[in-house]
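S.K.: Quick one: structure below, then a few questions.
There are 2 protein chains.
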Amino acid sequence: MGEKDRSDEALRGQGELTYAASDAIAAARAATSDRYERAALLADLCRLNTLYMIMQAGSGHIGSSFSSMDLITWLWTEELVDPNSGAARADTYFSSKGHDAPALYSLLIALGKLDFDLMHRLRRLGGLPGHPDVAVPFIATNTGSLGMGISKAYGILQGRRRTGKRGRVVLMTGDGELQEGQIWESLQPVANEQLGDIVAIVDHNKYQSDSTVAAVSDLGLIEDKFRAFGWEVKRVDGHDFRAIGDAFAQFARVVNKPKVLVADTIKGKGVSFMEGIACGDGTYRFHAGAPSLDDYFAAVRELTGRINAKLAALHQPPLTFTAAPQPVRVAPSKPERLVVAYGDELLDIARTRPDIVVLDADLLSDCGIEAFKEELPYRFIECGIAEQHMVSAAGGMALAGLLPIAHSFACFLSTRANEQIYNNATEGTKIIYTATLAGLVPAGPGHSHQSVRDISAIGSVPGLVAIEPCCEREARFAIRWAIEEHTRSTYLRFVNVPMDLPYTLPTWYTLSVGRGVTLREGHDIALVGYGPLLTSNAWLAADQLALEGISAAVVNLPWLNRIDEDWIWHTFSRVGAVLTLDNHYVTLGQGAMVAAALARAGVRADVRSLGLTDVPACGSNAEVLAHHGLDVAGIVRASHELVRLTPHVP
Amino acid sequence: MGEKDRSDEALRGQGELTYAASDAIAAARAATSDRYERAALLADLCRLNTLYMIMQAGSGHIGSSFSSMDLITWLWTEELVDPNSGAARADTYFSSKGHDAPALYSLLIALGKLDFDLMHRLRRLGGLPGHPDVAVPFIATNTGSLGMGISKAYGILQGRRRTGKRGRVVLMTGDGELQEGQIWESLQPVANEQLGDIVAIVDHNKYQSDSTVAAVSDLGLIEDKFRAFGWEVKRVDGHDFRAIGDAFAQFARVVNKPKVLVADTIKGKGVSFMEGIACGDGTYRFHAGAPSLDDYFAAVRELTGRINAKLAALHQPPLTFTAAPQPVRVAPSKPERLVVAYGDELLDIARTRPDIVVLDADLLSDCGIEAFKEELPYRFIECGIAEQHMVSAAGGMALAGLLPIAHSFACFLSTRANEQIYNNATEGTKIIYTATLAGLVPAGPGHSHQSVRDISAIGSVPGLVAIEPCCEREARFAIRWAIEEHTRSTYLRFVNVPMDLPYTLPTWYTLSVGRGVTLREGHDIALVGYGPLLTSNAWLAADQLALEGISAAVVNLPWLNRIDEDWIWHTFSRVGAVLTLDNHYVTLGQGAMVAAALARAGVRADVRSLGLTDVPACGSNAEVLAHHGLDVAGIVRASHELVRLTPHVP
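If you're matching them up, the sequences are chains A and B in order.
The first sequence runs 83 to 732 under the working numbering.
The second sequence runs 83 to 732 under the working numbering.
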């Protein structure tokens with residue numbers, strides 16, 4: 083599930099990006115009447131276009147897109163009855179794993195079901211979101227968090243039964259996705275209801291995130307498992323179009339049982355050096371990020387070469403591909419990487435603390451704990467995509483006297499394992515939950531990954547203190563405080579995007595529960611928040627306000643659910659206005675707590691709160707911050723409105 | 083998982099309660115050297131004492147306690163190595179299902195491992211909590227919410243591996259509990275790690291809550307499932323001590339695989355008319371509440387008769403049992419039952435709204451939807467104990483054009499399915515989540531069931547409006563508003579405890595988003611909150627304050643995550659102080675939002691917030707409200723402190 087920004091090195095190369103335009107696609111599809119050859123050609127064209135989209139976006143899941151490409155090409159061209167066809171039985175398809183959205187988009191574009199211009203708009207505001215969203219035509223349900231697909235299919239079919247409609251629901255799961263408990267929770271009800279119109283396909287590419295499924299959390303006997311839950315099971319080569327077609331034909335003869343097609347696929351299939359099989363037990367390099375330019379051009383050569391070789395064998399002329407300029411991106415110059423600093427400090431402490439064990443839910447590199455695993459493998463436990471199990475296992479380890487530190491993305495850890503975190507808290511043990519990829523950015527993956535309600539989701543867990551550091555130094559303080567000072571559990575919230583920071587913490591600064599630090603003095607308005615994203619924007623907004631003669635303080639308050647009212651009084655009683663900034667929904671974020679603390683402390687400043695108010699948009703980071711009014715301009719605008727209420731005291 | 087208060091009718095009967103004191107237990111255990119006969123005698127004595135404890139407490143799970151009684155009696159007397167024995171290999175036992183805590187308590191008391199006086203203190207403050215808690219000796223982990231046990235066992239064993247300890251972890255699951263996805267999420271990791279020291283016992287009593295497992299959500303091939311996940315499986319009669327003993331002996335010979343014992347048991351085993359098998363497919367009456375006095379005395383006659391008949395067959399004198407007076411309880415005189423009113427109004431609306439479908443997670447009667455199921459069975463979907471699946475299925479149904487209404491206890495619905503609720507919200511569909519058993523009371527089941535962080539957990543879900551009605555009339559308004567007026571999703575939060583209410587809503591009152599209603603005018607202080615529990619206590623506190631010359635307003639604000647700042651200004655700008663009242667943690671409850679809104683609206687009143695600040699206590703409702711300062715006296719006390727700050731303006 084990892085999300086990486088395309089590295090700036092990748093942008094230094096030469097050359098243009100390549101895609102197949104509509105006419106090239108039409109020519110290829112007309113080149114043969116053999117439906118297997120036609121599907122193979124189309125799948126390779128879509129691979130080329132998928133790569134183009136990911137290069138344009140700067141990120142996206144290649145491996146997962148390529149492994150499912152042949153399957154979905156067959157489905158959409160030969161198997162599914164289009165829901166817009168008006169047929170009595172129309173089919174619905176969706177990807178439960180969601181990561182292969184670029185593959186599906188490129189296919190839907192190639193089939194004319196999506197506007198061709200959207201090819202250039204992956205992960206852009208108003209374009210194609212990083213994970214599937216029902217706002218896009220032919221996307222049946224929102225996915226991106228794993229394991230919900232079969233339940234959704236059950237609901238869709240139960241709905242159809244009650245509204246007189248017919249047709250199948252075909253959905254794609256990952257193999258790593260089968261580690262999620264909800265998959266197994268959903269299997270038996272589907273079988274009990276005899277929903278024979280559900281067909282699940284397991285894209286069994288043997289890799290998840292950066293490693294093999296077997297190395298992360300082996301799946302055991304997949305086919306036996308589905309059969310034990312009452313499903314009809316077939317297993318095929320997921321790159322053999324004839325075998326896929328035959329399996330669906332056989333499924334059609336089984337009426338009262340849900341079906342699962344376990345499709346053996348190859349992650350990254352179609353570009354030799356991107357194929358998972360090539361890296362053995364090593365790290366798979368093409369899970370989530372855009373490739374380097376060298377890799378990209380090599381992949382384009384291989385794909386275009388194969389496409390034209392196939393056409394030549396069919397006595398057809400080669401295709402003409404279309405070129406587009408590379409997008410220009412400005413990389414930060416000396417970015418702070420909070421998660422890296424965290425992981426480094428954690429490892430340093432762990433060397434002298436044998437009670438520390440690290441748990442991970444298949445997001446090793448995004449959580450900064452690769453070095454920990456390398457150096458202390460016996461104290462590292464990979465749980466796979468099984469957040470509930472991981473958190474309860476951490477609970478058991480804490481009961482046994484260890485100090486467990488559980489890792490995942492904030493969006494999954496705070497929600498999927500929400501009750502398990504609470505259950506652990508009621509035992510009074512000490513556990514650290516490290517939640518990365520927090521907040522609105524990176525905004526490319528979309529709302530499934532933008533964790534903007536985790537403060538609310540875990541903020542009332544008894545004894546659990548939540549902290550978000552604003553820089554590498556505070557990140558080191560935070561993990562050290564959680565291990566060495568706090569007696570109960572801690573939730574550490576991290577922004578993953580590396581960024582240049584315009585501020586530094588005072589040299590004397592140390593963490594003190596509920597108390598923040600004034601980074602910059604000011605008397606007209608105080609901008610108060612947490613984390614690198616909005617503290618940076620607040621600082622830059624204060625620069626702009628200063629030019630207008632408005633004196634704005636910038637206050638960093640890393641405590642997300644603990645606020646010291648004495649500190650509040652001391653810090654804000656002589657300022658005219660307070661603007662709280664949440665990289666989170668405003669309803670129950672830090673800003674609400676700060677505003678409440680201002681009221682309880684008797685501070686009479688004018689107060690306003692900025693933050694999210696609805697589902698976060700998908701797009702480039704700059705687009706999305708502006709869209710939600712959380713960019714520098716948005717903070718300046720809100721400050722103007724607030725200061726206008728307040729008589730200016732020079 | 084249902085929790086019912088013992089009905090007041092049950093209290094009108096005659097006679098005293100009966101239990102076996104220490105000497106009677108000792109006499110019975112000494113009566114035979116046959117370990118199977120001895121275990122059977124002890125199990126029946128513990129059944130008698132379990133019933134006594136449940137009668138004293140007024141609630142508790144008889145059926146689940148009795149079905150597992152024989153199994154745990156065998157384990158604790160013949161199989162487990164006591165963790166306090168100092169042996170090189172010591173075993174840990176816990177109940178993952180947790181509902182059978184009274185059985186385990188009565189056994190631990192009988193074995194002298196718990197203080198005998200605790201017999202009289204089930205579900206009382208400082209006594210034995212309704213569900214297992216590590217504060218009690220020999221309770222290894224906190225349970226009460228389902229499905230976490232195997233993960234906890236995994237963690238405990240991984241912890242032991244790393245701290246040089248050995249021994250088994252034996253845990254008991256329910257059969258309905260197998261519907262929870264986390265069970266299946268946890269099985270494969272345990273098998274992959276070859277944790278042969280984990281033994282799970284499935285108390286396969288064929289009933290869950292009020293109905294058969296088969297009727298709710300059939301389990302399919304239990305043994306095949308566990309085998310497919312790599313577990314060693316045995317199946318026995320869970321009331322045959324010899325078979326249980328043999329199975330454990332066989333398990334001891336399998337080293338590198340986790341084991342599961344599927345134990346066929348009878349819910350309510352040991353009292354003929356309480357046995358599940360006796361009610362066929364009908365409603366099982368002894369899941370969660372205390373029995374009627376008639377049933378109780380009949381059960382005592384049967385148990386004592388059998389115990390003494392067994393002793394007679396062993397040529398032993400009959401036992402002398404101990405009598406204790408029945409507890410005195412005052413029932414409300416004209417209680418309002420909000421959930422019943424809700425269910426009635428929902429059914430009324432549904433008769434003319436064919437798009438409404440009702441989903442349930444095995445809490446039918448506690449959610450007020452029995453009549454709905456009876457009258458509109460085709461629009462009722464029982465999902466079993468599978469909250470994640472239920473919520474995603476509701477999402478699918480909404481996508482298919484229906485209006486799904488999903489039901490469970492607040493503690494499970496808001497947390498177990500937290501990410502699924504969010505995922506649905508991002509699709510912009512309309513779903514109603516009805517969450518019952520909200521808040522601090524009933525306080526007997528303990529913290530797993532006391533939902534005091536759900537406002538926080540779901541309050542930031544985009545578009546989701548949360549409401550808690552304060553009376554039957556407002557309950558009817560709320561469901562009607564959610565169905566007929568609100569365009570997005572709604573979370574309806576209900577207190578289940580029937581209570582007399584000292585206030586009524588004004589006749590002109592209707593719901594208006596974010597705006598409350600002043601039930602009683604006052605100018606020194608305003609008490610603002612929601613729901614029947616604290617609004618009642620606020621009213622009674624205002625009565626007391628009035629006697630002291632303090633004029634207290636009582637304001638009902640049913641909106642839990644929407645607050646209209648104009649209304650805030652209008653309502654509170656002329657009051658000296660505001661005390662917010664949360665039947666929830668104070669950190670991110672309604673009180674924090676009200677305080678924040680007061681600050682943003684520029685209201686200058688002194689503000690303080692009452693609510694939970696740590697894990698809720700277990701006990702009688704009155705004990706626990708007083709313990710947390712949320713009873714009438716606590717509100718008066720807090721009002722005094724707050725008004726003292728404020729100059730009294732007559």
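For glycine and all other residues, C-beta sits at the position ideal for the given N, C-alpha and C.
All values reported here derive from a predicted model rather than from experimental measurement.
Near B:L207, what residues of its chain come up, given a Cβ to Cβ distance below 8 angstroms and the 5 sequence neighbours on each side ignored?
M.R.: These residues qualify, in order along the chain: A699, C700, G701, S702, E705, V706 and H709.
S.K.: Once the 5 residues before and after A:E464 are set aside, which same chain residues still bring their CB inside 6 angstroms of it?
M.R.: V298 and D442
S.K.: What are the start and end residues of the alpha helix (DSSP H) that includes A:P414?
M.R.: Looking at the DSSP string, A:P414 is not in any alpha helix (DSSP H), and its letter there is neither H nor E.
S.K.: According to DSSP, B:D346 sits in a beta bridge with which residue or residues?
M.R.: Looking at the DSSP assignment, B:D346 forms a beta bridge with B:H286 and B:D319.
S.K.: Roughly how many angstroms lie between the CA atoms of A:T569 and A:I549, to the nearest whole one?
M.R.: 15 angstroms
S.K.: Do you know offhand how far B:K416's Cα is from B:G604's?
M.R.: 27 angstroms
S.K.: Ignore the nearest five residues each way along the sequence and tell me which others in A:R562's own chain have a CB closer than 8 angstroms to its CB.
M.R.: Hits under 8 angstroms: E427 and I431.
S.K.: Closer than 8 angstroms, Cβ to any Cβ of chain A: which residues of the segment 428 to 451 of chain B, in chain order?
M.R.: V439
S.K.: On the criterion of 16 or more Cβ atoms from any shown chain inside 10 Å, does A:W621 qualify as buried, or is it exposed?
M.R.: buried
S.K.: Which runs of the beta strand (DSSP E) fall wholly inside the segment 481 to 508 of chain A and span at least 3 residues, in chain order?
M.R.: DSSP runs (the beta strand (DSSP E)) wholly in the segment 481 to 508 of chain A: 485 to 491.
S.K.: For the alpha helix (DSSP H) containing B:Y118, list its first residue and its last residue.
M.R.: R117 to A139
S.K.: Give me the DSSP bridge partner(s) of B:L441.
M.R.: B:I463 and B:A488
S.K.: Is it right to say B:G229 is buried, meaning 16 or more other beta carbons lie within 10 angstroms of its own, or is it exposed?
M.R.: buried
S.K.: Please name the residue or residues paired with A:D688 in a DSSP beta bridge.
M.R.: A:A659
S.K.: What does the Cβ neighbour count give for B:W590, buried or exposed, with the cut at 16 atoms within 10 Å?
M.R.: exposed
S.K.: By the three-class DSSP mapping on this structure, what secondary structure does B:S374 have?
M.R.: B:S374: coil per DSSP, three-state reduction.
S.K.: How big is the Cα-Cα spacing for B:L639 and B:G231?
M.R.: 39 angstroms
S.K.: Would you mind sorting B:I359 into buried or exposed? The rule is 16 or more other CB atoms within 10 Å of its CB.
M.R.: exposed
S.K.: Give me the subset of the segment 240 to 270 of chain B whose CB atoms are less than 8 angstroms from a CB atom of chain A, sorted by chain position.
M.R.: Identification of residues in the segment 240 to 270 of chain B having a C-beta nearer than 8 angstroms to some C-beta of chain A yields Q240, G241, R242, R244, T245, K247, Q261, E262, G263, Q264, I265, W266, E267, S268 and Q270, given in sequence order.
S.K.: Going straight from the alpha carbon of A:I107 to that of A:A192, what length do you get?
M.R.: 7 angstroms
S.K.: What distance in whole Å lies between the Cβ atoms of A:E259 and A:S374, which are believed to be in contact at a cut-off of 8 angstroms?
M.R.: Actually they are not in contact, since the Cβ atoms of A:S374 and A:E259 sit about 28 angstroms apart, beyond 8 angstroms.
S.K.: Taking just the CA atoms, how far does B:E509 sit from B:P732?
M.R.: Here the model assigns B:P732 a pLDDT of 39, short of 50, so the residue's position is not dependable, and the following value carries that caveat. Cα-Cα distance, rounded: 54 angstroms.
S.K.: I'd like to know if A:Q532 contacts chain B, where contact means its C-beta is closer than 8 angstroms to some C-beta of that chain.
M.R.: no
S.K.: Under 7 angstroms between beta-carbons, which chain B residues line up against A:H710? List them in chain order, please.
M.R.: The contacting residues do not exist; A:H710 stays about 12 angstroms from chain B at best.
S.K.: Would you call B:Q138 buried or exposed, if buried means 16 or more other Cβ atoms sit within 10 Å of its Cβ?
M.R.: buried
S.K.: State the beta-bridge partners of B:I514 as determined by DSSP.
M.R.: B:I487 and B:T572
S.K.: Output, in chain order, the set of chain B residues within a Cβ distance shorter than 7 angstroms of A:I151.
M.R.: Residue identity differs from the one stated: residue 151 of chain A is Met in this sequence, not Ile. Think of a sphere of 7 angstroms around the beta carbon of A:M151: no beta carbon from chain B falls inside it, the nearest being about 25 angstroms out.
S.K.: Look up A:D664 in the DSSP assignment and say whether it is helix, strand or coil.
M.R.: strand
S.K.: Residues in the segment 217 to 231 of chain B with C-beta within 9 angstroms of chain A's C-beta atoms, listed in sequence order?
M.R.: A217, A222, T223, N224, T225, G226, S227, G229, M230 and G231
S.K.: When the cut-off is 8 angstroms and only beta carbons count, does A:V731 lie next to chain B?
M.R.: In this prediction, A:V731 scores a pLDDT of 46, lower than 50, which makes its location untrustworthy; no coordinate-derived value is stated.
S.K.: Please list, in chain order, all residues of the same chain as B:E314 whose beta carbon is under 6 angstroms from its beta carbon, the five residues on each side excluded.
M.R.: V336, K339 and K341
S.K.: Name the chain A residues whose beta carbon is nearer than 7 angstroms to that of B:T669?
M.R.: G541, S542 and N643
S.K.: Which two residues bound the contiguous beta strand (DSSP E) that contains A:S177?
M.R.: Note, A:S177: beta strand (DSSP E), T174 to S177.
S.K.: Rounded to a whole number of angstroms, what is the C-alpha to C-alpha distance between A:G466 and B:Q470?
M.R.: 19 angstroms
S.K.: Whose C-beta lies closer than 6 angstroms to the C-beta of A:C552 among residues of the same chain, with five residues either side of it excluded?
M.R.: G613, P614, T617 and N638
S.K.: At 8 angstroms on the CB atoms, spell out the chain B contacts of A:A290, in chain order.
M.R.: Ala is not the amino acid found at residue 290 of chain A; the sequence shown has Gln there. In chain order: nothing, as chain B lies at least about 14 angstroms away.
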